[in-house]
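Here the sequence shown is numbered in my numbering, starting from 583 and rising by one per residue.
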Amino acid sequence: MLGVEAFLDEMQKVANEAYRVLKKGKMCAVMIGDVRKCGKVIPLGFRMMECFLQAGFANKEIIIKEQHNCRSTDYWEKQNNNFLILAHEYIFVFQK
């Protein structure tokens, strides 16, 4: 499994290639969620969004999609924690 920084390096390559092959004015959409590591949230979605912006895309929309039937939902609902679970994903819509 890739670490966060290695994942973002690979996503930068994806963003650069998507920008290269798309025609001007065309769209690219990516769905991604944030992750939690060692009890802390890593805003992976927004960090990945930066990869696409650096590649030259414009951000047209950020859609927040609710997740259902997450694998860890039952675990977190049974815990007495003072935070909300990550129960959403982002759909980023970019335009060249």
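Glycine included, every Cβ here is placed at the ideal spot set by N, Cα and C.
Roughly how many whole angstroms lie between the Cα atoms of I646 and A597?
20 Å
Should F674 and N641 be called a contact, given that it needs their Cβ atoms to be closer than 8 Å?
yes
Sub-8 Å separation of E643 and H670 beta-carbons:
no
First through last residue of the beta strand (DSSP E) which encompasses A640:
640-648
Could you tell me which of F676, Y672, Q677, K678 sits nearest to V617, measuring between CA atoms?
Y672
Using DSSP with H/G/I as helix, E/B as strand and the rest coil, what is A669?
coil
Any chance you could list the alpha helix (DSSP H) runs of at least 4 consecutive residues sitting entirely within the region 606-639, in chain order?
626-637
Based on DSSP bridge pairs, tell me the residues matched to F674.
F674 is bridged to V612, I644.
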